[in-house]
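For the record, the sequence lines run as chains H, V, R and W. Residue 3 is where the first sequence starts when you use our numbering, and the numbers rise one by one after that. Residue 3 is where the second sequence starts when you use our numbering, and the numbers rise one by one after that. Residue 24 is where the third sequence starts when you use our numbering, and the numbers rise one by one after that. Residue 252 is where the fourth sequence starts when you use our numbering, and the numbers rise one by one after that. Ideal placement from N, C-alpha and C gives every residue a C-beta, glycine not left out. See below for the structure under consideration.
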Amino acid sequence: MFESDPTLTIAVVSKVYPMRSHTVSAEGGAAAVIKPNDSLEDHIYDTISGADWMCDQDAVEAFVNEAPKEMLQLEHWGCPWNREEDGTVAVRPFGGMKIQRTWYAADKTGFHMLHTLFQTSLKYDPIERFDEWFVTRLLVEDGRCQGVVAVELATGRIQPILGRSVILSTGGCGKIFPFTTNANIKNGDGMALAYRAGVPLKDMEFIQYHPTGLPFTGILITEASRAEGGILVNKDGYRYLQDYDLGTPHPKPVLRSMELGPRDRLSQAFVKEQEKGRTLEGEYGHYVHLDVRHLGEKIIDSRIPFVRELCLKYENIDPVKEMIPVRPVIHYVMGGVHTDIDSATPLGGLFAAGEVACVSINGANRLGSNSLTELLVFGARAGRSAAEFAKAHQGFTNGIESQVLDEENRLNTLLNSDGTEKVADIRSEMHETMESGAGIYRSRDTLEQSSQKIRELQERYSRVKVEDRSMTFNTELTSILELGYMLDVAETIIQSALQREESRGSHQRTDFPERDDDQFLSHSLAYREDDGSSRVDYLPVKITKWPPGERVYGEKK
Amino acid sequence: MNRNAHHTLHHPKWYRVQKPIFWWVKRFADIRFIFRELTSLAVAYSVILLVVIYRALLTSEAAYTSLTTTLREPFWVTINVIALGAVLYHTFTWFNLAPRAIVMRLGKWRIPDLMIAGGNYAAWIVISGVIYLAYVSG
Amino acid sequence: MSAKKSNDPFFWTLFGAGGALSAMLIPAFLFLFGIATPLGWVEGPAYESVKMVLLHPLARIVAFFLVSLSLFHGAHRFRFTLYDGLQLKHLFQLIAVICYGGALAGSIVTGYILW
Amino acid sequence: MASTITIEVSRYRPEEESEPVFQSYEVPLRSDWVILDGLNYIKNELDGSLSFRWSCRMGVCGSCGMMINGEPVLTCAAFLESYAPGPIRIEPLQHFPVVRDLVTDMEDFMGKLTTVKPWVVREEEKPVEEGEYKQTPEQLADFKRYSMCINCMLCYSACPVYGLEPEFTGPAAIALAQRYNLDSRDEGNDDRMEILSHDEGIWSCTLVGECSEVCPKDVDPAGAIQRYKLAGATSWWKSILLPWQK
């Protein structure tokens, strides 16, 4: 951006130091067409079919077309991509992609991308960072967003940060659920901020589960462990996937069969197995076993060393000797703040990019390795759009000051309130009800129960207990604010899921098991009503060249 | 920020600790580090001894004989044993750390650290052997 | 960056060279002259033959470099030991002058004795 | 839950205390719990006012470094069990000013990071349209290790030189400078050498080596600095002996 326009000044406001952001945890890779045997058309089709035709095809086209350029830009900035012998960038295969097109930096792709971007950003003086500033509200006046109010965590100072345009890139909201691969900081902050400012959240019912996470920590055990021959067994040691139309067990792994079936099907099979009472039950709920012991120490150490490292270092399990307890865990939210193809939200001056946004290119199910690329493509688009908007809108309107004062009062009142409800209690009850009501399978009954529960929790939240009255790095205050964000976003998930009476991709309704293109080939848009409830509207999905077809994997193809 | 500043609203007082003078006596690893650094004294002592030998050698046979006699005193033997221990520690730490600074290549192949350290040790043994043989064969 | 360019690369080079040379040569020398011979483990060679070997021009050059570089090695390391171990950084210049000055003086004396 | 373990946490509330005090808590001793889980148990169940940073709980975000029984450690990668029977003493990372409880101020590092120019410096940028800079796997391997730093600050906490001289640029920042120096795409060697070859740069390091001992990502900052010194000394001699070059 600065290279194109040095007159811009930019504030980066983040509740954590930039290199702590959750992109850092992404392992697999980022997809972009670069090899001669690949084509843009193929990447587009893989993305659209993977999304169960829920994505906007013009957005996918833009995404796929611009992906190689943005990825190369990151290469020029120093990202240590793995290489071929001839020095060109190497690619690896990935789930749902027909051709190898995933760029990777070992198994720490997100880490390297984030650090490369952050370190490169240090080069530019016009970027002013507000590290560890926690945003509590968007400033909206005169129909456009003109900045934010934020708390400086170290000092407790509450201050407006004005901007002629604002870009949200705060990530997803996995922490609404009890078991997630997401980091502690992913509480849907940006989604809630936009939602409260009147911006709709799109397609919130689509939430991706990954079938093999560690039950307690949600640490992801990569698909590669199954590709190398790891098997999933229930409490009787039985390879239960054979009961769910996923093929027959072989001693050697077979592509697109059994343990190598698609993520959503594997997660769904887990739920069925649990209903039959054939899963194990532990401290952290139900789980099954991923067994890699038969591969032996040598293969484990050479082919999936990171799996062993994660298990040993963070959960005290040795996969060479023990079976790994696993269960489906929340991985990614396809939905988010409604934006158009230029990353603009319906609210003037507000833009969004990344997991917080829904453009949409991920539809009902995101393909692995598209999300990191999405950050680059739509991050760049958001930057360009925001710069244009800022240039067209000089100055700020009066009236913002009173909003800032309001916000200060709200926060000070909260800090000095005498509530009785513990944050941790409300949070864990929210987790419970989201898992049971809006998890892998939903139905009208479970969703309505959860909806009621969330309303009850919202009411209790207004009486939340504050033990820490300090102005200095008050993490209890931020936990409370984050819980407020999560409760709001939870409501949109439930309402959107309730209204969508069909099953598609990651949204599976037991009472409506079929996909229904006639009624529901449209995006849900959840708006916040004045009473705090959600109203859901619909917007047709943009179909350009690829009419909806059947999503087929495996032998049928 | 002033160490004695008081805490005021929005200007938190940070707490800072000054490292104690003898910070290194608390941890074994730190003592080991200081000991490694102090081997420098043993190295200096050893070369001074060498210079003293040279001086005696160049003065007269009597001076040299008197020096060798002095060196037989338990005091000097003890000093030399201690110095040798320290110098050996210097030798080992030096060889072990050398590969950290030096990257050597043969064509595309990067010589592993262990081999660089091993090469050091090998050279050391050979050189020490030569000195020993030169000395005993007189 | 306002800090001035450092002289350390010069002293560090001497430190490194001295460290390597002393690590290679001193243990054998010290063992033979300081321990093994005095304790009678080996028969020390006669005066004349010691003189012949040690006063060989090549041996004198090696000895000079060994002594001088080792002194600089010791000075450099000891200087930082005083900084770190006793927190005497405020005596920065004084310590540097004493340490390196000592090594320089030692080298001159050595040169004088040897030739 | 059969047994518990005592955690003694350093508390510092600047509004109330002029220096830190220890507060003890009993937390369940579970085999799959790391120290961070113990701290979260305290925060959720016992005392909501305890402040500390954490995020990913899988050793890559770099937030949760603390002193455990006097050693700098990532608390998400240290099991309670390995400290049984306790008590476990938890303090904020040493050598940094303490903001609150276990939270330290790391602005010093953030400033130093910028000074070493941790980005690709080029005399002439190649247009993105012309494709990638070629880099062989061997060239990648040259700097890969130094690119693994997660900025967790354990090395600064382990480095007595940094503890004694806060001006010292420090292990992680120098390792990152070296990461770009060794990157075949970068041409910023001379720039960075200019910046780092002063007394507070590489020459402050006495190769204590503790930075590399505590590094959770095996970056070996001590080695990076040593290699940097060798390069620094070489270029110094060159400038003395061959002043007409460059």
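Should R/A98 be labelled buried (16 or more other beta-carbon atoms within 10 Å of its own) or exposed? Against the third sequence, residue 98 of chain R aligns to sequence position 75. Classification for R/A98: buried.
Using a Cβ-Cβ cutoff of less than 8 angstroms, which residues in the same chain neighbour W/K368 once the five nearest sequence positions on both sides are dropped? Numbered from 1 along the fourth sequence, position 117 holds the residue referred to as residue 368 of chain W. The residues are A428, Y431, G439, D442, R443 and I446.
Taking all protein chains shown into account, do 16 or more other C-beta atoms lie within 10 angstroms of the C-beta of R/G41, making it buried, or fewer, making it exposed? Looking up residue 41 of chain R in the third sequence gives position 18. With 16 or more Cβ atoms within 10 Å of its Cβ, R/G41 is classed as buried.
When you check each C-beta in the stretch 155-170 of chain H against every C-beta of chain W, which residues fall closer than 8 angstroms? A156
Could you tell me which residues DSSP puts in a beta bridge with H/A33? Translated into the one-based positions of the first sequence, residue 33 of chain H becomes position 31. Answer is H/T104.
Run down chain B in chain order and give the residues with a C-beta less than 7 angstroms from the C-beta of V/P22. No chain B appears in this structure, whose protein chains are H, V, R and W.
Looking at the structure shown, is H/I163 part of a helix, part of a strand, or coil, going by DSSP? For the purposes of this step, residue 163 of chain H is identified with residue 161 of the first sequence, where counting begins at 1. The answer is strand: DSSP assigns H/I163 an E or B state.
For V/Y123, count neighbouring C-beta atoms within 10 Å of its own C-beta (all shown protein chains included) and say buried if the count is 16 or more, exposed if not. For the purposes of this step, residue 123 of chain V is taken as residue 121 along the second sequence, with counting starting at 1. Result: exposed.
Find the residues of chain V that neighbour W/L415, judging by a C-beta separation of less than 9 angstroms, and give them in chain order. By 1-based counting over the fourth sequence, the position of residue 415 of chain W is 164. The contacting residues are K21 and W25.
What residues of chain V sit near W/Y334, judged by a beta carbon separation below 8 angstroms? For this step, residue 334 of chain W is matched to residue 83 along the fourth sequence. Under the 8 angstroms cutoff, chain V gives no residues; its nearest Cβ is about 17 angstroms from W/Y334.
Can you find a heavy atom of the ligand PLP that lies under 7 angstroms from the Cβ of V/I113? Ligands displayed in this structure: none; no statement on the ligand PLP is therefore possible.
Please decide whether W/P369 counts as near chain H, where near means a Cβ-Cβ distance under 8 angstroms. Sequence index remark: in the fourth sequence, residue 369 of chain W carries index 118 (1-based). Judged by the 8 angstroms Cβ criterion, W/P369 is in contact with chain H.
Is the beta carbon of W/S302 sitting closer than 8 angstroms to the one on W/D352? Taking the first residue of the fourth sequence as 1, we reach residue 302 of chain W at position 51. Taking the first residue of the fourth sequence as 1, we reach residue 352 of chain W at position 101. A contact, by the Cβ cut-off of 8 angstroms.
Contacts that W/K480 makes with chain R (C-beta to C-beta distance below 7 angstroms): In the fourth sequence, the residue the question calls residue 480 of chain W occupies position 229. The contacting residues are W35.
What does the alpha-carbon distance come out to for the pair W/K363 and W/T420? Mapped onto the fourth sequence, residue 363 of chain W falls at position 112. Mapped onto the fourth sequence, residue 420 of chain W falls at position 169. The straight-line gap from Cα to Cα measures roughly 6 angstroms.
Limits of the alpha helix (DSSP H) - the one that H/G52 falls within: The residue you call residue 52 of chain H lines up with position 50 of the first sequence. L42 to G52 is the span of the alpha helix (DSSP H), which, as asked, contains H/G52.
Which residue or residues does DSSP assign as beta-bridge partners of W/R262? Along the fourth sequence, one-based indexing puts residue 262 of chain W at 11. W/R262 is bridged to W/V272.
Is there at least one Cβ from chain W nearer than 8 angstroms to H/T375's Cβ? In the first sequence, the residue the question calls residue 375 of chain H occupies position 373. Taking Cβ atoms only, chain W never reaches closer than 8 angstroms to H/T375, which makes this a no.
Distance cutoff 8 angstroms, beta carbons only. Does R/S93 sit that close to anything in chain V? What you label residue 93 of chain R is simply residue 70 of the third sequence in a count that begins at 1. Closer than 8 angstroms to some Cβ of chain V, the Cβ of R/S93 qualifies, so yes.
Looking at the structure shown, is H/G284 part of a helix, part of a strand, or coil, going by DSSP? Taking the first residue of the first sequence as position 1, residue 284 of chain H is located at position 282. Residue state, collapsed to three classes: strand.
Of all the options H/R553, H/A61, H/Q59 and H/A194, which has the alpha carbon lying nearest to the alpha carbon of H/L483? The count along the first sequence starts at 1 and reaches residue 483 of chain H at position 481. Checking every option, the nearest Cα to that of H/L483 belongs to H/A194.
Determine the contact status of W/T257 and W/S282, defining contact as a CB-CB distance below 8 angstroms. What you label residue 257 of chain W is simply residue 6 of the fourth sequence in a count that begins at 1. What you label residue 282 of chain W is simply residue 31 of the fourth sequence in a count that begins at 1. No, the Cβ-Cβ distance between W/T257 and W/S282 is not below 8 angstroms.
Have a look at W/P388 and H/P264 and give me their C-alpha separation to the nearest angstrom. Taking the fourth sequence and counting its residues from 1, one reaches residue 388 of chain W at position 137. Taking the first sequence and counting its residues from 1, one reaches residue 264 of chain H at position 262. The alpha-carbon atoms of W/P388 and H/P264 are separated by roughly 32 angstroms.
With a CB to CB cut of under 8 angstroms and the five nearest residues on each side skipped, what residues in its chain are close to V/R148? This structure cannot settle anything about residue 148 of chain V, because the visible part of chain V is limited to 3 through 140.
Taking the alpha-carbon positions, what's the H/T480 to H/L413 distance? Counted from its first residue, the first sequence places residue 480 of chain H at position 478. Counted from its first residue, the first sequence places residue 413 of chain H at position 411. C-alpha separation (whole angstroms): 11 angstroms.
For H/L222, which option in H/A366, H/G284, H/Y316 and H/I209 has the closest C-alpha, if you only look at C-alpha atoms? The residue labelled residue 222 of chain H in the question sits at position 220 within the first sequence. Measuring from the Cα of H/L222, the nearest candidate turns out to be H/Y316.
Sub-8 angstroms separation of H/A355 and H/T347 beta-carbons: Numbered from its first residue, the first sequence carries residue 355 of chain H at position 353. Numbered from its first residue, the first sequence carries residue 347 of chain H at position 345. Not closer than 8 angstroms, so no.
Report yes if the C-beta distance between H/S508 and H/M336 is below 8 angstroms; otherwise report no. Indexing the first sequence from 1 puts residue 508 of chain H at position 506. Indexing the first sequence from 1 puts residue 336 of chain H at position 334. Against a cut-off of 8 angstroms, the Cβ pair of H/M336 and H/S508 comes out as a contact.
Pull the bridge partners of H/S524 from the DSSP assignment, please. Position 522 of the first sequence, counting from 1, holds the residue named residue 524 of chain H. Per DSSP, H/P542.
Whole-angstrom distance between H/H525 and H/I343, CA atom to CA atom: Against the first sequence, residue 343 of chain H aligns to sequence position 341. Against the first sequence, residue 525 of chain H aligns to sequence position 523. Computed Cα separation, rounded: 14 angstroms.
Buried or exposed (CB count within 10 angstroms, at least 16 for buried), H/H592: Any property of residue 592 of chain H remains undetermined from this structure, which presents chain H solely from 3 to 559.
Can you confirm whether the stretch 67-80 of chain H touches the stretch 239-254 of chain H when touching is taken to mean that 3 or more C-beta pairs between the two stretches lie within less than 8 angstroms? no
Should the stretch 51-67 of chain H be regarded as contacting the stretch 536-554 of chain H, the criterion being three or more beta carbon pairs within less than 8 angstroms? yes
Please report whether the beta-carbon of V/L99 lies at a distance below 8 angstroms from any beta-carbon of chain W. Taking the second sequence and counting its residues from 1, the one referred to as residue 99 of chain V is at position 97. Judged by the 8 angstroms Cβ criterion, V/L99 is in contact with chain W.
Chain H contact for V/P114 (CB, 8 angstroms cutoff): Counting from 1 along the second sequence, the entry for residue 114 of chain V is found at position 112. By this cut-off, V/P114 is not an interface position.
Span of the beta strand (DSSP E) holding H/M488? Taking the first sequence and counting its residues from 1, one reaches residue 488 of chain H at position 486. Here H/M488 belongs to no beta strand (DSSP E); instead the alpha helix (DSSP H) covers T477 to Q501.
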